[in-house]
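K.L.:
Okay, handing you the structure first.
Residue numbers (the working numbering), protein chains in the order written: chain A, 322 to 587; chain B, 322 to 587; chain C, 322 to 587.
Below, the structure written as structure tokens:
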């Protein structure tokens, strides 16, 4: 089965199995993320209290951790949930939002990476760079670096944490430290919708929930999301209507279309 | 005045009186809930700090409590607010989101139910079942049980807490332990929009805020919301554009249309 | 350069410089605010933890403080962030959401106003009145007073805190205690979208981030937002589709259109 077929089959599985995706994520994107996961065919749940995350992981098929709008208490919950996810053997996807912008976020991301085995780390080039070199400074949550520039860093981070690393940008680079896949789907309007990065991360969690080749699942999820962006941009030329069309496309894209439109390079 | 007329008259009252609905609800749905209440004609306010909920209840016409994305501190505020609402005599609507999924949520819902007299409890069949039999396990926030299966449980719960119980699904069942109303409005796309259950609960709060027959008000609110879903589905065939059309319809439905399209069975 | 030209030039600068706007705002509007700022051309970041706000202010071009869905811990962060913003010399915009509705909110707003030099305060007439006369009572987050009635109060507040005060309503009144500008752009559907007031405040922060005449920047931002509402209402007649069209228009309005359509009165 080639990568295109893998992507299509995985989307088919998601819609058949409706995996439960447990998100501990930021306030800004909770609503959009939940809607994106529903549109994809998954079943999202958001829960962050330290006294319930262990049980919630217990019924989940993947755990998505996102450190936007972070506070101390949440890190505690993230680590409890991540430990439980490791114990149970479900994938954990980490989105180190804004890492490098503040010491608090950088430290939090590193604490989580040390406390549990993370399956996939997804960030923009600045964030991935900040995780590798903690002296780097990010401008808020936006990326200032090209994806090409970040490929080496992704490889280094991947080897350091034995995790799949996905650097998203005009071209997405996904590596497990050994093989590398590039995905060139997507549309520039996606950067005008808040939380598209966070949504990409949650979709990676969904694809990893039903198929355990995390490198291929991450690449498939990013192709799927990018294609949704391309199709949405055919109907909408400004960010408000685009973000709604994007949800529509996540719902309407068929496994066959995903196979057909995915732009992978290995 | 029959139930259809009651529904229309109540919607008319909402638009004339613009009742203030105090929501202590979850992060995922706050924005959508507020927009739905505005579209209906109500005036929403979200406030959860223990040191202001009593005062906020003091100016509110209904209190909506929703335990999604719960944490310990919020339960304290919910109980303070609920006690004040009881003292003041305004209706309290409880949405036990995801109850049964974790012990924390089940315990929280039961604590609230014991601390105050709740007017209406709205949940899907799994949630209502979990409240009646605390050994039942929910898969996240989705329902695995049919509504018919849950009618007996709704009756039992209604009698136990002397509350109106609304079980929503393809057909909604609303009972006060004595009379039972079924509502068969709605559309399958509603389950692809996060927080439609929570929105239904907040709309029940709005209808109960202006008319005190809580059984009829809850049924009217669910018919109104279901009709909005039916009309939205005529304009949108995927969840993103559907969720926007749903807000539009909540705004544009007239009292006469509500009377005309409501599908009640007694 | 007249006020119309100032408005157009400032929008041009925003799109060229993409200022980073640090928002400590309420849960209800975080997503919509972030999308509005992106559509305008700014780079939004939401961060509220007391142990990172100082650093985040350090890389920001403006700080927006909004007290909706407030709790004690957040006030601490707001004051730390505001002090740092003063030290750094970037503008601070305060949105006293629902002030007057509860003693907690009124006290919080006054604490912030005493702890730091605020550049612009934006509220509806009730909120501005409640800040001036702490015995006034607001009904939730809606305004019960006309803008004309509030102009005197705005002047008083402006002089008391040496801040620009913007009272928004059918006609917006902006004063620095000396000069006063009225803006009559806007559309009635804006009041059916939750968080339009909060969005106005964040846009004021964006205009103030790139041009330091805060009186003119605040007026320019309100004209820009009002024009977006007027244009959106030509495409959408109900609040769901309107709120999406509003984001589209924030993105598509050109500096020339802003100059052309702004309705200023001095």
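Quick reminder that beta carbons are idealized off the backbone N, C-alpha and C, glycines included.
What in chain B is Cβ-close to residue 419 of chain C, meaning under 8 Å?
P.N.:
366, 368, listed in chain order.
K.L.:
Among residues of its own chain, excluding the 5 on either side of residue 562 of chain B, which ones have a beta-carbon nearer than 6 Å to its beta-carbon?
P.N.:
Around residue 562 of chain B: no qualifying Cβ.
K.L.:
Scan the stretch 406 to 494 of chain B and note each continuous alpha helix (DSSP H) run of 4 residues or more that stays entirely inside, going in chain order.
P.N.:
Listed in chain order, the complete alpha helix (DSSP H) runs (minimum 4 residues) inside the stretch 406 to 494 of chain B are 424 to 436, 446 to 453, 468 to 482.
K.L.:
Pull out every residue of the stretch 367 to 393 of chain B whose Cβ sits closer than 8 Å to any Cβ of chain C, in chain order.
P.N.:
Flagged, chain order: 367, 368, 369, 370, 372, 373, 376, 377, 380, 381.
K.L.:
Could you tell me which chain E residues have their CB closer than 8 Å to the CB of residue 348 of chain B, listed as they occur along the chain?
P.N.:
No chain E appears in the structure shown, which is made up of the protein chains A, B and C.
K.L.:
Which word fits residue 479 of chain B, buried or exposed, when buried means at least 16 other C-beta atoms lie within 10 angstroms of its C-beta?
P.N.:
Result: buried.
K.L.:
Once you ignore the five residues that flank residue 356 of chain C on each side, which residues in its own chain have a CB closer than 6 Å to its CB?
P.N.:
568.
K.L.:
Among the residues of its own chain, which have a CB less than 6 Å from the CB of residue 325 of chain B, if the five just before and after it don't count?
P.N.:
If we look at residue 325 of chain B and ignore the five residues flanking it on each side, its Cβ neighbours are 580, 583.
K.L.:
Output the distance between the C-alpha atoms of residue 587 of chain A and residue 544 of chain A, rounded to the nearest integer angstrom.
P.N.:
Looking at the two C-alpha atoms, the distance is approximately 13 Å.
K.L.:
Taking only beta carbons into account, state which residues of the stretch 555 to 568 of chain A come closer than 8 Å to chain B, listed in chain order.
P.N.:
Answer set for the stretch 555 to 568 of chain A: 564, 565, 566, 567, 568.
K.L.:
Starting from residue 341 of chain C, follow its DSSP beta bridges and name the residues at the other end.
P.N.:
Partner(s): C/364.
K.L.:
Give the residues of chain C in contact with residue 514 of chain A, contact being defined as C-beta atoms less than 8 Å apart.
P.N.:
In chain order: 356, 359.
K.L.:
Identify the residues that DSSP records as bridge partners of residue 383 of chain A: which are they?
P.N.:
Beta-bridge pairing links residue 383 of chain A to A/342.
K.L.:
Mind checking if residue 535 of chain A is an interface residue toward chain B, Cβ cutoff 8 Å exclusive?
P.N.:
With 8 Å as the cut-off, residue 535 of chain A does not count as an interface residue toward chain B.
K.L.:
Return the first residue and the last residue of the alpha helix (DSSP H) that residue 517 of chain A is part of.
P.N.:
Start and end: 517 to 531.
K.L.:
Excluding the five sequence neighbours on either side, which residues of its own chain have a C-beta within less than 7 Å of the C-beta of residue 348 of chain C, listed in chain order?
P.N.:
Only 390 meet the Cβ criterion.
K.L.:
Run through chain A and tell me which residues come within less than 8 Å of residue 521 of chain B, C-beta to C-beta.
P.N.:
Those do not exist, as residue 521 of chain B stays about 16 Å from chain A at its closest Cβ, beyond 8 Å.
K.L.:
What's the call for residue 454 of chain A, buried or exposed, on a 16-neighbour Cβ count within 10 Å?
P.N.:
Residue 454 of chain A should be labelled exposed.
K.L.:
Does residue 505 of chain C come within less than 8 Å of chain A when only Cβ atoms are used?
P.N.:
Chain A, which has no Cβ nearer than 8 Å to the Cβ of residue 505 of chain C, makes this no.
K.L.:
In chain order, what residues of the stretch 395 to 422 of chain C put their CB closer than 7 Å to some CB of chain A?
P.N.:
Per Cβ criterion, the list is empty.
K.L.:
Would you mind stating whether residue 399 of chain C and residue 386 of chain C have Cβ atoms separated by less than 8 Å?
P.N.:
Yes, the pair counts as a contact, with Cβ atoms nearer than the cut-off.
K.L.:
Can you give me the Cβ contacts of residue 405 of chain B inside the same chain, cut-off strictly under 6 Å, excluding the 5 residues immediately before and after it?
P.N.:
375, 378.
K.L.:
Could you have a look at residue 500 of chain C and say whether DSSP puts it in helix, strand or coil?
P.N.:
Residue 500 of chain C falls in the coil class under three-state DSSP.
K.L.:
Any contact between the stretch 568 to 577 of chain C and the stretch 443 to 451 of chain C? By contact I mean 3 or more CB pairs, one from each, below 8 Å.
P.N.:
The answer is no - the stretch 443 to 451 of chain C does not touch the stretch 568 to 577 of chain C, with fewer than three Cβ pairs under 8 Å.
K.L.:
So, using beta-carbon positions, are residue 528 of chain A and residue 541 of chain A closer together than 8 Å?
P.N.:
Yes, they are a contact pair.
K.L.:
How do the stretch 530 to 539 of chain B and the stretch 493 to 501 of chain B stand: do at least 3 beta-carbon pairs fall below 8 Å, yes or no?
P.N.:
The stretch 530 to 539 of chain B, when compared against the stretch 493 to 501 of chain B, does touch it at the 8 Å Cβ threshold.
K.L.:
Which same chain residues, not among the five before or five after residue 338 of chain B, have their C-beta less than 6 Å away from its C-beta?
P.N.:
Taken in chain order, the residues that qualify are 531.
K.L.:
Chain C partners of residue 572 of chain B, CB-CB under 8 Å?
P.N.:
Those are 513, 559, 560, 561, listed as they occur along chain C.
K.L.:
When the cut-off is 8 Å and only beta carbons count, does residue 462 of chain C lie next to chain B?
P.N.:
Note that residue 462 of chain C scores 49 on pLDDT, short of 50, meaning its location in the model is unreliable; the coordinates nonetheless yield the value given after this. Yes, residue 462 of chain C counts as interfacial toward chain B.
K.L.:
Does the Cβ of residue 473 of chain B have 16 or more other Cβ atoms within 10 Å, making it buried, or fewer, making it exposed?
P.N.:
So residue 473 of chain B counts as exposed.
K.L.:
Taking the straight line between their C-alpha atoms, what separation do you get for residue 522 of chain A and residue 486 of chain A?
P.N.:
When rounded, the distance between both Cα atoms is 11 Å.
K.L.:
Using a Cβ-Cβ distance under 8 Å, would residue 322 of chain C count as near chain A?
P.N.:
Not an interface residue.
K.L.:
Are the C-beta atoms of residue 426 of chain B and some chain A residue less than 8 Å apart?
P.N.:
True, the Cβ-Cβ gap to chain A drops below 8 Å.
K.L.:
Classify residue 370 of chain C as helix, strand or coil using the three-state DSSP reduction.
P.N.:
Reduced to three states, the DSSP call for residue 370 of chain C is coil.
K.L.:
What number of angstroms, rounded off, separates the C-alpha of residue 490 of chain C from the C-alpha of residue 475 of chain C?
P.N.:
Near 13 Å, if we compare the C-alpha coordinates of residue 475 of chain C and residue 490 of chain C.
K.L.:
Under 8 Å by Cβ, that's how I've got residue 352 of chain A and residue 352 of chain C pegged, so tell me the actual separation to the nearest angstrom.
P.N.:
The pair is a contact, with the Cβ atoms about 6 Å apart (cut-off 8 Å).
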